[in-house]
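Straight run, no breaks: the sequence shown in our numbering ends on number 1131.
All C-beta atoms in this analysis are idealised placements derived from N, C-alpha and C, irrespective of residue type, glycine included.
Written below as structure tokens is the structure these notes are about.
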Amino acid sequence: MTDEIENNQLGSRGASFSTATVTEESENNSTINAPNDSAPLADLQDVVEPIHNTQHHTHRRISAPVLQAFPHFRLLTTQDARKGYYLVESGQQLPENIANDTSTSFQNGQLLTIMMATWNTCEAEKLYQQNITPTTEQAAQQKERILNDMRDILLPLSLEHVSDLIIMCTQEMSVVQNRYPRNAWEILLQEAIGPWHVLFHSVHFGALSLCIFLRRELMWHCTKPEEDIVRFRIIHPIRTKASLAVTFNIFATSFMIINSHFEAGDDSEGRSNRRLNFQNTLDKLSIPHEFIQRTRIQNRSLPILGNAKDLKHKTKSCDCFLWAGDMNFRLNMTYQEVIDLCRGQNYDKVLLKDEFLVLQQKTNDRYGNFEESKISFPPTYKFDLRSGTNNYVENRIPSYTDRILHRAEQASEFVCTQYKSVDNVKHSDHKPVFAHFCLKLKPGLHKNLSYGKFNYEVYKRGCEQLEQHYSLGINPGNNGNRRSSMAKSSVCVLL
637 MTDEIENNQL GSRGASFSTA TVTEESENNS TINAPNDSAP LADLQDVVEP
687 IHNTQHHTHR RISAPVLQAF PHFRLLTTQD ARKGYYLVES GQQLPENIAN
737 DTSTSFQNGQ LLTIMMATWN TCEAEKLYQQ NITPTTEQAA QQKERILNDM
787 RDILLPLSLE HVSDLIIMCT QEMSVVQNRY PRNAWEILLQ EAIGPWHVLF
837 HSVHFGALSL CIFLRRELMW HCTKPEEDIV RFRIIHPIRT KASLAVTFNI
887 FATSFMIINS HFEAGDDSEG RSNRRLNFQN TLDKLSIPHE FIQRTRIQNR
937 SLPILGNAKD LKHKTKSCDC FLWAGDMNFR LNMTYQEVID LCRGQNYDKV
987 LLKDEFLVLQ QKTNDRYGNF EESKISFPPT YKFDLRSGTN NYVENRIPSY
1037 TDRILHRAEQ ASEFVCTQYK SVDNVKHSDH KPVFAHFCLK LKPGLHKNLS
1087 YGKFNYEVYK RGCEQLEQHY SLGINPGNNG NRRSSMAKSS VCVLL
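Listed below in structure tokens is the structure:
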């Protein structure tokens, strides 16, 4: 991380911006100040003008419309600065003038917006093949299609604004690492999302991946992330089934994010294995560390950590809990029954036979502790890739395998605004699913700050590839004619 990045984020609070065109040295300044999240990334062509000959151009130009989208930074008074309330633990009493510290990033009561997506890619190697810096217009056009697909997942046109927190959960990623860099997937995501977000943290385990992107100015208000991996198969040559978990704070609001891939199977053994996967994920998590250590002190008389009843509810220790993945839940119906009901969009009747929703009704403990927004889309598995259409594989019962669960301590301050599948992405036999949330953050600071840490190499490579893409005259963001089946935003009903 360069000193220039820190100066942009900390020193720019008192800066004023004109609407005149600004130039910046490409070698000495590798980043662009983060605009407000109200600026859609679809207008990315305004940020970097095409560079047709990179050998003779050492400057990049930022156009006036982008500068107008920059946030109005709050001026920091010298008196407030001299008081130095910067490293106050969230559990302590905060001074009155620092209690509203969230207003620096969220003005006029603005809420934190969260985009969470899950996708079983079915080892779609094309995603990696296109993750190169294009050298010809033809190669750039091929990559444009990949970027548009990724933006349909993470930057859907049904949303007016780009989310502050973007979470991508993937399963069955290609494990071929000899031909492609290990961080190839992260770089592709960075290029698709754009320069206003950074990769805050990522976890990889075999074919599973969990990537968390943040709006750039928010990284200064985050704690160091903690991660854990719960393995379902102790001995197996290919690591495909597990749960990846990450916890962190934004201001004083704590988050827990999980990406899971449960066991498959339509029979009773498969259903039993999934229940075990669900239970093991909750019981075997070793984070958040502070909560576990505090609970162990309170339960010194318990010799085994797993016997502490309170520790079985580690997910409740966080203000916001998000759990996504290919959970492989199945429908207890025949193939033709599902097809007939889906043709009439009678999804409510289909969901009466959904494995997870049935378990929620039978148990008031584990499954009932989590909510899922109303499903108003067809089953996301299993599609026939050979047909090139959105047809299901014949005689394979379609199912809602790809799910996003959630829970918040203050339910009135947390709402899901969209819960959808992305029909036009056809790289896999699974359809991607995304959920969009709004959350009111709690003001406060924390002693375990990350101090703006992020994956600089991924950010640099992603921006370089994006700039090279524009230099070839290809505009992946200009997909206004692209077919989209997603409607405008509406608040989802919580079950």
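Continuous alpha helix (DSSP H) stretch holding residue i: start and end
i	result
Phe914	904–920
Glu822	820–829
His1105	1092–1107
Asp984	983–987
Asp976	971–979
Leu993	991–998
Supposed close pair residue i, residue j - CB separation, criterion 8 Å
i	j	result
Met963	Ser1023	Actually they are not in contact, since the Cβ atoms of Met963 and Ser1023 sit about 26 Å apart, beyond 8 Å.
Val1094	Ile782	Not really, about 17 Å apart at Cβ, beyond 8 Å.
Leu967	Pro1034	7 Å
Leu1077	Phe742	7 Å
Arg910	Glu899	6 Å
Nearest residue (CA-CA) to residue i, options the options
i	options	result
His837	Phe1090, Ala900, Gly1098, Ser1107	Phe1090
Thr583	Cys847, Pro924, Ser1009	Because residue 583 is not part of the residues shown, which for the chain are 637 to 1131, the question remains open.
Gln1046	Gly1098, Tyr983, Ser953, Leu918	Ser953
Glu759	His1066, Leu1081, Phe884	His1066
Tyr1106	Glu827, Lys1018, Gly980	Glu827
Leu921	Phe887, Leu958, Val882, Ile871	Val882
Arg818	Asp800, His840, Gly1088, Glu808	His840
Ile894	Thr876, Ile865, Leu1077	Ile865
Met892	Phe1070, Trp959, Leu850	Trp959
Lys1062	Gln972, Asn784, Asp903, Leu801	Asn784
Leu1041	Glu1007, Leu988, Lys1076	Glu1007
Tyr1017	Arg1043, Ser1048, Cys978	Cys978
Ile1011	Thr1037, Thr876, Tyr971	Thr1037
Tyr971	Lys1056, Phe1073, Ile923, Asp902	Asp902
Ser799	Val834, Gln777, Arg1032	Val834
Ile803	Gln778, Lys985, Leu850	Leu850
Ile1188	Val1029, Leu1108, Asn916, Ile928	One cannot answer for residue 1188 here, as it falls past the ends of the chain, which runs 637 to 1131.
Glu624	Gln777, Glu808, Asp976, Ile923	This structure cannot settle anything about residue 624, because the visible part of the chain is limited to 637 through 1131.
Arg1032	Arg1043, Ala1044, Phe1019	Phe1019
Gln1104	Lys779, Leu763, Ile928	Lys779
Cys1074	Gln777, Leu801, Leu763	Leu801
Ser879	Trp821, Gln807, His1072	Gln807
Ala820	Gly830, Glu853, Leu763, Cys805	Leu763
Thr757	Leu747, Ile928, Met809, His949	Met809
Glu853	Phe914, Gly1098, Ser1086, Leu1102	Ser1086
Arg1097	Gly830, Ser904, Gln746	Gly830
Phe914	Ser904, Phe868, Cys1099, Asn1027	Phe868
Thr976	His949, Ile928, Tyr1028	Correcting the residue identity first, residue 976 is Asp in this sequence and not Thr. It is Tyr1028.
Where the beta strand (DSSP E) containing residue i begins and where it ends
i	result
Arg867	862–867
Lys614	The requested residue 614 does not occur in the structure, where the chain is confined to residues 637 to 1131.
Cys1074	1069–1075
Phe836	833–841
Ile894	889–897
Ser845	844–851
Gly961	956–962
Ala1044	1038–1044
Met804	801–807
Ile750	748–756
Asn885	878–886
Beta-carbon proximity of residue i to residue j, cut-off 8 Å
i	j	result
Asn885	Cys847	no
Thr738	His797	no
Asn1084	Lys860	yes
Trp832	Gly1088	no
Tyr1003	Leu995	yes
Thr876	Gly906	no
Phe1070	Val1051	no
Lys1056	Phe992	no
Cys956	Thr889	yes
Pro1079	Phe887	yes
Leu825	His1072	no
Arg1043	Phe965	no
Leu1156	Thr951	The structure shown does not extend to residue 1156, since the chain is modelled only from 637 through 1131, so no value can be given for it.
Lys998	Met969	no
Cys805	Gly961	yes
Residue i CB to nearest heavy atom of the ligand ZN below 7 Å
i	result
Ala1047	Of the ligands one can find in the structure shown there are none, so the ligand ZN has no counterpart to examine.
CB contact below 8 Å: residue i versus chain C
i	result
Gly1088	Any reference to chain C falls outside this structure, which holds one protein chain only.
| said: Could you check whether the region 776–795 touches the region 747–758, counting it as contact only if at least three pairs of C-beta atoms, one from each stretch, sit closer than 8 Å? | reply: Yes, they touch.
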